[in-house]
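To start, the structure itself, in structure tokens.
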Amino acid sequence: MINNTQDREVIEQENSIVKRYDLTNYLIEQYNFVDYLEIGVAFGNCVRNVKVKNKDAVDPVVEANVRCPEINYEMTSNEFFALEKIQNKKYDVIFIDGLHETTQVDIDIQNSLKHLNEGGFILLHDCNPVSYESQLVPRQATAWNGDVWKSIVKLRCSDVDLDINVVDTDYGVGVIAKGKNKKIDKFTLDECLDWNTFSDNKKYILNLIGPGKFFEKYGK
Numbered sequence: 002m003i004n005n006t007q008d009r010e011v012i013e014q015e016n017s018i019v020k021r022y023d024l025t026n027y028l029i030e031q032y033n034f035v036d037y038l039e040i041g042v043a044f045g046n047c048v049r050n051v052k053v054k055n056k057d058a059v060d061p062v063v064e065a066n067v068r069c070p071e072i073n074y075e076m077t078s079n080e081f082f083a084l085e086k087i088q089n090k091k092y093d094v095i096f097i098d099g100l101h102e103t104t105q106v107d108i109d110i111q112n113s114l115k116h117l118n119e120g121g122f123i124l125l126h127d128c129n130p131v132s133y134e135s136q137l138v139p140r141q142a143t144a145w146n147g148d149v150w151k152s153i154v155k156l157r158c159s160d161v162d163l164d165i166n167v168v169d170t171d172y173g174v175g176v177i178a179k180g181k182n183k184k185i186d187k188f189t190l191d192e193c194l195d196w197n198t199f200s201d202n203k204k205y206i207l208n209l210i211g212p213g214k215f216f217e218k219y220g221k
């Protein structure tokens, strides 16, 4: 059961002015991108709102009531990335919103990096969970973000040539691009993966920025 405070937070997130597809469309428009991949489509609200020439949409359709016509690869992301015909395929923007468990998100990120065009972006949904309950795995809350945040933390604590931010809107939209990582040095990885440390230091640990900063940073 979600309490009233959590209900209000969920409603506020749902009514956010800037949605995940707004950020995606901004990048597409700014950089004249043409190839887009979405992992985890569900009912298709995001993929339908993305304005781009070429779209690929991957979802295993495990829920009987999910039949989104935009899904052209009805399979898991692991199965998709193993397809022979896409081994040389590259995308300008890859949006990850599949299984919200960090072990799978880690795999999706690494596979996406292999299929990302030079100068492209990986975006991830649900990087800023609204509550402790909403990030528990297995799922225990109605509003579920999963522990996607841990995948961002692991990258931020690593020596990787990636520029990593989380935009503070729509449950937290992660943005990954080639560049210099501002590695976390105030805490160890284990400390960052502790919920209390994380929740008390989200802005620093997630490299959290507002939508305005996003538009400023990635505008041309």
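Numbering (our numbering), first residue to last: 2 to 221. Each residue gets a CB set at the ideal place from its N, CA and C atoms; glycine is no exception.
Residue 113 and residue 95 look like a contact to me (Cβ under 8 Å); what is the Cβ gap, rounded to whole Å? Within the sequence shown, residue 113 is the residue found at index 112, counting from 1. Within the sequence shown, residue 95 is the residue found at index 94, counting from 1. Their Cβ separation, rounded to whole angstroms, is 4 Å, which keeps residue 113 and residue 95 in contact under 8 Å.
Between the C-alpha atoms of residue 172 and residue 181, what's the straight-line distance to the nearest angstrom? Numbered from 1 along the sequence shown, position 171 holds the residue referred to as residue 172. Numbered from 1 along the sequence shown, position 180 holds the residue referred to as residue 181. For residue 172 and residue 181, the distance between alpha carbons rounds to 25 Å.
Identify whether residue 205 lies in helix, strand or coil by the three-state DSSP scheme. Mapped onto the sequence shown, residue 205 falls at position 204. DSSP places residue 205 in the helix class (H, G or I) of the three-state scheme.
Across which residues does DSSP place residue 214 in a beta bridge pair? On the sequence shown, position 213 is the one that residue 214 refers to. Answer by DSSP bridge pairing: none, since residue 214 is not bridged.
Looking at the unbroken beta strand (DSSP E) that takes in residue 166, where does it start and where does it end? Reading the sequence shown from its first residue, position 165 is the one you call residue 166. Per DSSP, residue 166 belongs to the beta strand (DSSP E) from 163-168.
Beta-carbon proximity check, residue 73 vs residue 58, cutoff 8 Å: Position 72 of the sequence shown, counted from the start, is the residue given in the question as residue 73. Position 57 of the sequence shown, counted from the start, is the residue given in the question as residue 58. A contact, by the Cβ cut-off of 8 Å.
Is residue 119 helix, strand or coil by DSSP? Along the sequence shown, one-based indexing puts residue 119 at 118. In the structure shown, residue 119 sits in a strand (DSSP, three-state: E or B).
Cut-off 7 Å between Cβ atoms - residues of its own chain near residue 187, not counting five sequence neighbours on either side: In the sequence shown, residue 187 corresponds to position 186, counting from 1. Its chain contains 205 as the residues whose beta carbon lies nearer than 7 Å to that of residue 187, once the 5 sequence neighbours on both sides are disregarded; these appear in chain order.
Can you give me the Cβ contacts of residue 216 inside the same chain, cut-off strictly under 7 Å, excluding the 5 residues immediately before and after it? Translated into the one-based positions of the sequence shown, residue 216 becomes position 215. Here the set comprises 27.
Tell me, which residues are paired with residue 176 by DSSP? Counted from its first residue, the sequence shown places residue 176 at position 175. Note: residue 176 sits in a beta bridge opposite 124 and 166.
So is residue 146 in contact with chain B if we call contact Cβ pairs under 8 Å? Among the chains of the structure shown, chain B does not appear; only one protein chain is present.
Pick helix, strand or coil for residue 95, following the three-state DSSP scheme. By 1-based counting over the sequence shown, the position of residue 95 is 94. If DSSP states are grouped into helix, strand and coil, residue 95 belongs with the strands.
One question on the structure: do residue 168 and residue 161 come within less than 8 Å of each other, judged by their Cβ atoms? On the sequence shown, residue 168 is found 167 positions in, with the first residue counted as 1. On the sequence shown, residue 161 is found 160 positions in, with the first residue counted as 1. Contact flag unset, no.
Cβ shell of residue 185 (< 7 Å), same chain only, five flanking positions each side left out: Translated into the one-based positions of the sequence shown, residue 185 becomes position 184. Excluding residues within five positions, the ones whose Cβ falls inside 7 Å are 157, 158, 193 and 206.
Enumerate, from N- to C-terminal direction, the unbroken beta strand (DSSP E) stretches of 3 or more residues contained entirely within the region 30-91. Correct list: 36-40 and 55-59.
Is residue 156 helix, strand or coil when you go by DSSP? Counting from 1 along the sequence shown, the entry for residue 156 is found at position 155. In this structure, residue 156 counts as helix in the three-state DSSP scheme.
Using 10 angstroms around the beta-carbon of residue 25, count the other beta-carbons present and answer buried if the total reaches 16, otherwise exposed. Residue mapping note: residue 25 aligns to position 24 of the sequence shown, counting from 1. It is buried - the Cβ of residue 25 has at least 16 other Cβ atoms within 10 Å.
Starting from residue 192 and walking both ways along the alpha helix (DSSP H), at which residues does that stretch end? Here residue 192 corresponds to residue number 191 of the sequence shown, with the count starting at 1. Start and end: 190-193.
Exposed or buried, what is residue 211 when buried is set at 16 or more other beta-carbons lying within 10 Å of its beta-carbon? Working through the sequence shown from its first residue, we reach residue 211 at position 210. Burial check for residue 211: the Cβ neighbour count within 10 Å stays below 16, so the residue is exposed.
Rounded C-beta distance between residue 152 and residue 103? I'm assuming under 8 Å. Taking the first residue of the sequence shown as position 1, residue 152 is located at position 151. Taking the first residue of the sequence shown as position 1, residue 103 is located at position 102. At roughly 5 Å, the Cβ-Cβ gap stays under 8 Å, so residue 152 and residue 103 are in contact.
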